[in-house]
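In this note's numbering, the protein residues as written are 626 to 780.
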(Lines of atoms letter the chains of each structure in order from A and count residues from 1; the text may use other names and numbers.)
(Lines give C-alpha, C1' and ligand atoms only; values in the text may rest on other atoms or scores of the structure.)
Protein backbone atom coordinates (compact mmCIF):
# COMPACT_ATOMS: atom_id res chain seq x y z
CA UNK A 1 0.00 0.00 0.00
CA UNK A 2 1.40 3.41 -0.94
CA UNK A 3 1.37 6.49 1.25
CA UNK A 4 2.46 10.06 0.84
CA UNK A 5 5.65 10.95 2.68
CA UNK A 6 7.70 14.02 3.42
CA UNK A 7 11.47 13.67 3.73
CA UNK A 8 13.73 16.34 5.17
CA UNK A 9 17.44 15.93 4.61
CA UNK A 10 20.31 17.99 5.98
CA UNK A 11 23.41 17.56 3.84
CA UNK A 12 27.04 18.34 4.62
CA UNK A 13 27.81 22.00 3.85
CA UNK A 14 31.10 20.98 2.19
CA UNK A 15 29.08 19.71 -0.79
CA UNK A 16 28.84 22.16 -3.67
CA UNK A 17 25.22 23.43 -3.85
CA UNK A 18 25.11 22.68 -7.58
CA UNK A 19 25.64 18.97 -6.87
CA UNK A 20 22.86 18.68 -4.28
CA UNK A 21 20.08 17.86 -6.76
CA UNK A 22 22.07 15.14 -8.59
CA UNK A 23 23.18 13.54 -5.32
CA UNK A 24 19.59 13.54 -4.01
CA UNK A 25 18.44 12.08 -7.32
CA UNK A 26 20.68 9.04 -6.72
CA UNK A 27 18.81 8.34 -3.48
CA UNK A 28 15.39 9.07 -4.92
CA UNK A 29 15.94 6.41 -7.58
CA UNK A 30 15.23 3.88 -4.81
CA UNK A 31 11.66 5.22 -4.70
CA UNK A 32 11.30 5.37 -8.50
CA UNK A 33 12.61 1.81 -8.96
CA UNK A 34 9.98 0.46 -6.53
CA UNK A 35 7.15 2.16 -8.42
CA UNK A 36 6.87 5.27 -6.26
CA UNK A 37 6.62 8.84 -7.50
CA UNK A 38 8.53 11.96 -6.52
CA UNK A 39 5.99 14.77 -6.16
CA UNK A 40 8.20 17.71 -5.19
CA UNK A 41 11.87 18.40 -4.44
CA UNK A 42 12.50 21.67 -2.63
CA UNK A 43 16.12 22.58 -1.93
CA UNK A 44 16.26 25.28 0.73
CA UNK A 45 20.00 25.79 0.48
CA UNK A 46 22.59 26.48 3.14
CA UNK A 47 21.15 27.29 6.58
CA UNK A 48 22.44 27.59 10.11
CA UNK A 49 21.76 24.57 12.32
CA UNK A 50 20.05 24.97 15.68
CA UNK A 51 22.89 22.95 17.23
CA UNK A 52 26.07 21.40 15.91
CA UNK A 53 25.82 18.05 14.14
CA UNK A 54 29.14 16.26 13.57
CA UNK A 55 30.95 19.49 14.49
CA UNK A 56 29.20 21.42 11.72
CA UNK A 57 27.12 24.54 12.37
CA UNK A 58 25.61 24.79 8.86
CA UNK A 59 23.87 22.37 6.54
CA UNK A 60 22.16 22.24 3.18
CA UNK A 61 18.45 21.57 3.69
CA UNK A 62 16.23 19.73 1.22
CA UNK A 63 12.56 18.69 1.50
CA UNK A 64 11.14 15.97 -0.72
CA UNK A 65 7.49 14.97 -1.03
CA UNK A 66 6.91 11.53 -2.51
CA UNK A 67 4.47 8.64 -2.74
CA UNK A 68 5.82 5.16 -2.06
CA UNK A 69 5.42 1.92 -0.14
CA UNK A 70 6.67 1.69 3.42
CA UNK A 71 9.32 -0.86 2.40
CA UNK A 72 10.86 1.45 -0.20
CA UNK A 73 10.72 4.34 2.27
CA UNK A 74 12.65 2.30 4.84
CA UNK A 75 15.22 1.42 2.17
CA UNK A 76 15.57 5.10 1.20
CA UNK A 77 16.08 6.07 4.84
CA UNK A 78 18.68 3.31 5.25
CA UNK A 79 20.57 4.45 2.12
CA UNK A 80 20.55 8.07 3.31
CA UNK A 81 21.90 7.14 6.74
CA UNK A 82 24.76 5.18 5.15
CA UNK A 83 25.90 8.23 3.18
CA UNK A 84 28.59 10.37 4.77
CA UNK A 85 27.26 13.46 2.97
CA UNK A 86 23.96 13.27 4.90
CA UNK A 87 24.02 14.81 8.39
CA UNK A 88 20.40 14.15 9.37
CA UNK A 89 17.16 12.77 7.91
CA UNK A 90 13.53 12.79 8.95
CA UNK A 91 10.77 10.91 7.13
CA UNK A 92 7.12 11.61 7.99
CA UNK A 93 3.89 10.40 6.50
CA UNK A 94 2.23 13.51 5.08
CA UNK A 95 -1.08 12.78 6.82
CA UNK A 96 0.73 12.77 10.16
CA UNK A 97 2.63 15.96 9.34
CA UNK A 98 -0.60 17.71 8.34
CA UNK A 99 -2.38 16.51 11.47
CA UNK A 100 0.55 17.57 13.67
CA UNK A 101 0.63 21.04 12.09
CA UNK A 102 -3.13 21.41 12.60
CA UNK A 103 -2.89 20.40 16.28
CA UNK A 104 -0.01 22.83 16.87
CA UNK A 105 -2.03 25.62 15.24
CA UNK A 106 -5.07 24.78 17.40
CA UNK A 107 -2.90 24.78 20.54
CA UNK A 108 -1.45 28.17 19.59
CA UNK A 109 -4.95 29.59 19.07
CA UNK A 110 -6.10 28.26 22.46
CA UNK A 111 -3.02 29.73 24.13
CA UNK A 112 -3.64 33.12 22.50
CA UNK A 113 -7.30 33.05 23.57
CA UNK A 114 -6.28 32.26 27.17
CA UNK A 115 -3.74 35.08 27.18
CA UNK A 116 -6.32 37.51 25.82
CA UNK A 117 -8.83 36.36 28.42
CA UNK A 118 -6.23 36.67 31.18
CA UNK A 119 -5.33 40.20 30.06
CA UNK A 120 -9.03 41.06 29.97
CA UNK A 121 -9.53 39.58 33.46
CA UNK A 122 -6.57 41.54 34.84
CA UNK A 123 -7.93 44.77 33.40
CA UNK A 124 -11.41 44.02 34.82
CA UNK A 125 -9.91 43.01 38.17
CA UNK A 126 -7.94 46.27 38.45
CA UNK A 127 -11.09 48.25 37.58
CA UNK A 128 -13.08 46.25 40.14
CA UNK A 129 -10.41 46.91 42.82
CA UNK A 130 -10.51 50.62 42.09
CA UNK A 131 -14.33 50.60 42.33
CA UNK A 132 -14.25 48.60 45.57
CA UNK A 133 -11.61 50.90 47.09
CA UNK A 134 -13.86 53.89 46.47
CA UNK A 135 -16.95 52.12 47.84
CA UNK A 136 -15.30 50.64 51.01
CA UNK A 137 -16.67 51.97 54.26
CA UNK A 138 -14.25 53.05 56.98
CA UNK A 139 -15.49 50.37 59.43
CA UNK A 140 -14.39 47.48 57.16
CA UNK A 141 -10.66 47.48 58.14
CA UNK A 142 -11.58 47.22 61.82
CA UNK A 143 -13.48 43.97 61.15
CA UNK A 144 -10.32 42.17 59.98
CA UNK A 145 -8.46 42.30 63.33
CA UNK A 146 -11.60 40.96 65.03
CA UNK A 147 -11.69 38.07 62.59
CA UNK A 148 -8.01 37.33 63.26
CA UNK A 149 -8.65 37.37 67.01
CA UNK A 150 -11.54 34.92 66.54
CA UNK A 151 -9.23 32.58 64.60
CA UNK A 152 -6.60 32.74 67.38
CA UNK A 153 -9.25 31.91 69.98
CA UNK A 154 -10.43 28.94 67.92
CA UNK A 155 -6.87 27.51 67.81
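C-beta atoms are modelled at their ideal positions from N, C-alpha and C, and glycine is treated no differently.
Residue state for residue 709 is assigned as coil, using DSSP reduced to three classes.
Secondary structure note for residue 685: its beta strand (DSSP E) is the uninterrupted segment 681-694. Assignment of residue 661 by DSSP, reduced to helix, strand and coil, places it in the coil class. Annotation for residue 631: the continuous beta strand (DSSP E) segment containing it runs 627-636. Burial is judged here by how many other beta carbons sit within 10 angstroms of a residue's own beta carbon; residue 705 has at least 16 and is buried.
For residue 656, same chain residues with a beta-carbon under 8 Å away, outside a window of 5 residues either side, are 662, 663, 691, 693, 697, 698 and 701 in chain order. Here residue 712 is near residue 635, since their CB atoms are less than 8 Å apart.
If the five residues before and after residue 638 are omitted, its C-beta is found closer than 8 Å to the C-beta atoms of 671, 681, 683, 684 and 685, all from its own chain and listed in chain order. The distance from the Cβ of residue 631 to that of residue 719 is about 5 Å, consistent with a contact at the 8 Å cut-off. Contact check for residue 653 against residue 687 fails: the beta carbons are separated by 8 Å or more. Looking only at 731, 730 and 710, the smallest Cα-Cα distance to residue 640 is reached by 710.
Contact between residue 646 and residue 668 is confirmed by a C-beta separation of about 6 Å, below the 8 Å threshold.
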